[in-house]
Amino acid sequence: LRHPVLRNISAMMALINFVSVTVPAQLVLFAKHRFAVSDSEIGFLFAADGAGVVLLSLAAGPLRSRFSFGNVALGSLMLSGVMTFALAYAPSYPLAVALSAVASGFGILFNINTGSLRQQIVPNQLLGRIITIAMVLAWSANPLGATLGGVIVERTGDVQTVYAAIGALVVGIALYFRIFSPLGHAERYLEAPAEAAAG
Numbered sequence: 028l029r030h031p032v033l034r035n036i037s038a039m040m041a042l043i044n045f046v047s048v049t050v051p052a053q054l055v056l057f058a059k060h061r062f063a064v065s066d067s068e069i070g071f072l073f074a075a076d077g078a079g080v081v082l083l084s085l086a087a088g089p090l091r092s093r094f095s096f097g098n099v100a101l102g103s104l105m106l107s108g109v110m111t112f113a114l115a116y117a118p119s120y121p122l123a124v125a126l127s128a129v130a131s132g133f134g135i136l137f138n139i140n141t142g143s144l145r146q147q148i149v150p151n152q153l154l155g156r157i158i159t160i161a162m163v164l165a166w167s168a169n170p171l172g173a174t175l176g177g178v179i180v181e182r183t184g185d186v187q188t189v190y191a192a193i194g195a196l197v198v199g200i201a202l203y204f205r206i207f208s209p210l211g212h213a214e215r216y217l218e219a220p221a222e223a224a225a226g
């Protein structure tokens with residue numbers, strides 16, 4: 028992964044997965060602890076998250092055709108972090124459901140755009156190999172992040188503050204890669220040599 032865009036996407040996704048995986052992993056605890064909801068109300072929360080994913084995934088194509096990768100993908104990631112932060116302090120359960128749905132939708136908007144950018148950069152004959160490597164790197168952070176997040180929630184007993192911290196970290200990570208990495212102007216690298224993507 029010598030290609031600067033592919034390398035930075037993999038690094039960013041590993042960091043984001045490590046930091047944010049605690050949100051879905053502790054969602055039931057968060058809802059029960061903050062709002063004392065029933066099991067059926069928990070189901071409504073997950074259903075709303077699914078609806079948010081479907082609706083915002085439909086916007087991926089139109090948005091990407093009008094705006095740059097940095098604006099769409101990294102902007103949606105920042106907004107996902109903002110929604111997670113707001114979710115932590117939502118005063119009512121209906122608002123929390125809406126915020127969680129929007130956060131999930133922005134998350135999938137980010138994933139779709141990073142996936143499509145990889146497909147634009149990597150030659151077809153190398154695509155399976157590159158995506159496999161990238162997914163292993165990104166998803167290997169999930170169990171570590173979920174374990175650490177669970178330990179922090181258990182030790183502090185404050186899932187609300189953990190959610191707020193995760194939201195702030197996601198915004199910070201996205202902003203860093205937007206400003207200080209090639210991802211902020213990824214289109215410049217779309218004509219990079221194929222052998223760079225294979226590295």
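Residue numbers (my numbering): 28 to 226.
C-beta atoms are modelled at their ideal positions from N, C-alpha and C, and glycine is treated no differently.
As the structure is a prediction and not an experimental result, all values here were calculated from the model.
What's the gap between the Cα of Y190 and the Cα of G155?
34 Å
Is the Cβ-Cβ distance between S84 and I135 less than 8 Å?
If you check the CB distance, S84 and I135 come in under 8 Å.
For A130, tell me which candidate among S65, G108, L171, S143 has the shortest Cα-Cα distance.
G108
Hey, L33 and I157: beta-carbon distance below 8 Å or not?
yes
Per-residue burial, V81 [other beta carbons within 10 Å of its own, 16 or more giving buried]
Around the beta-carbon of V81, fewer than 16 other beta-carbon atoms lie within 10 Å, marking it exposed.
Can you tell me whether I179 sits near the ligand MN, meaning its C-beta is under 7 Å from at least one heavy atom of the ligand?
Among the components of this structure there are no ligands whatsoever, and the ligand MN is therefore not found.
Closest Cα partner of M162 within the set I179, I193, T141, A173
When C-alpha distances from M162 are compared across I179, I193, T141, A173, the shortest belongs to T141.
Cα-Cα separation, A213 to V46
24 Å
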